[in-house]
DNA sequence: ACACCAAAAATTGTCGACAAAAAGACTTGT
DNA sequence: ACAAGTCTTTTTGTCGACAATTTTTGGTGT
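Residue numbers (the working numbering), protein chains in the order written: chain A, -13 to 208; chain S, -13 to 208.
So, in structure tokens, the structure goes:
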């Protein structure tokens, strides 16, 4: 499988990945200030390395930086999450459309196989599907778009932010069986090379997730 | 008007903007290697500053970097440009949808006024419309989406790349009068708060541009 | 007590130097 | 003449120190 994962080579790479993980997982709290000197001692690297890592985190929209002042981890908000899902609807809808056009027959076969293995999991009542399975499914379609920018925007940017919300606001979210059906129909459309339908179904699928999340959020807040 | 333009404050900022401009305008050729030491003498700043600038250029997908090897300006290709337009179709379509939902009545009025001033230009046969006017129109709608990520992706990323193609492959492109009509219909849909239609018309508008460009490119190559 | 200004402390921005890795040049052997 | 390996050179990666800016602290006057 052609996976999309750059192995870290330089220490700045490793520090960037580590920092991103620590922020996404909540080890470093949302909204917290990132002191360069403090982080450099914590992670045992020079300030230059920390600076490079922070710069890259800024490009991902995981931290916000003000000149001569410093960087803060972004604050999580309901509207922020909904904005992310608007992007996802747009970009992943297009990804599904392009996947229907550009995926090889072999890749589609693999996608169908993945779906079947998920079906087994769902039938056995495993909750595996919820997180990794869902992500894997979407990953394949995004990769199937064969559009470099699309892939990078979603994998390097949006997805880490989405995960940050998922982890820190605790949205594992069910929707397992219904989501499975939606996935199935999307794959079918892709297999039929029906670009319009693939895009439409994907957009709906994400809109549903979005509404599901919004309901949860408002029920928590009330 | 709430414009989207960060004024450079640190020298790294300025160097980044300067470098980006020089690449977009072709002063530094597409595909060229970016030597850190060379650039630091050319621009009269330290290597650390150059490195930060290059890192930010990498986030914009304007340069590609390989660890321990160096950075190169991206190569321009037909498929690369078409891929950019796929993203634009998706993202700006969503922007138009969100603009129809989120723009204030005042902003919409300003947008209509802008359109009228463009109409004057077109009637007088001015070619002003082609570049700045078109960009301004799209900018307002993107800003009108009120989606931070959407705005950043297009303004900080895609648009500079698109301009790089325009400048270096010399695509000023006519389509003036037809594009004007398309713009008019889009504004009308936004004014009517018709989200579906606004998105659809914007997507068509960009698809037309895309096809126009593709025809030009293939006619050049043949 | 509060507002305002000035000095001190802390933090970010920039720089030059050293370490590590890659690219190029040269030698050697077949 | 060509290939492989080694040494040299060049380039990138990392580090600590200095400069510039912001924040905090402390004092002064009203």
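All C-beta atoms, glycine included, are put in the ideal place defined by N, C-alpha and C. Remember, it's a predicted structure, so these values are computed and weren't measured experimentally.
| Query | Result |
| --- | --- |
| Residue 104 of chain S at chain A interface by Cβ criterion, 8 Å | no |
| Three CB pairs or more closer than 8 Å across the region 60 to 71 of chain A and the region 136 to 152 of chain A | yes |
| Own chain, CB closer than 7 Å to residue 17 of chain S, minus 5 neighbours either side, in chain order | 58, 59, 61 |
| Chain-ordered neighbours of residue 80 of chain A on chain S, where CB pairs are closer than 8 Å | 72, 73, 75, 76 |
| Rounded separation between residue 8 of chain S and residue 118 of chain A - CA only | 43 Å |
| Burial state of residue 92 of chain S (16 or more Cβ within 10 Å) | exposed |
| Nonlocal neighbours in the same chain, by C-beta distance under 7 Å from residue 32 of chain A, ignoring five residues either side | 26 |
| With 16 other Cβ atoms within 10 Å as the buried cut-off, status of residue 102 of chain A | exposed |
| Best match in A:-4, A:145, A:123 for proximity to residue 95 of chain A [C-alpha to C-alpha] | A:123 |
| Inter-residue Cα distance where the pair is residue 155 of chain S and residue 83 of chain A | 28 Å |
| Chain-ordered chain A contacts of residue -4 of chain S [CB-CB under 8 Å] | 53, 54 |
| Beta-carbon proximity of residue 196 of chain A to residue 97 of chain A, cut-off 8 Å | no |
| C-beta atoms of residue 81 of chain A and residue 131 of chain A nearer than 8 Å | yes |
| Those residues which DSSP pairs with residue 20 of chain A across a bridge | A:57 |
| Below-8 Å beta-carbon distance, residue 58 of chain A vs any chain S residue | no |
| Interface flag, residue 95 of chain A vs chain S, CB-CB below 8 Å | no |
| Test item: CB-CB of residue 74 of chain S and residue 137 of chain S under 8 Å | no |
| Under 8 Å by beta carbon: chain S residues contacting residue 149 of chain A | By Cβ distance, chain S contributes nothing, its closest Cβ being about 15 Å from residue 149 of chain A, past 8 Å. |
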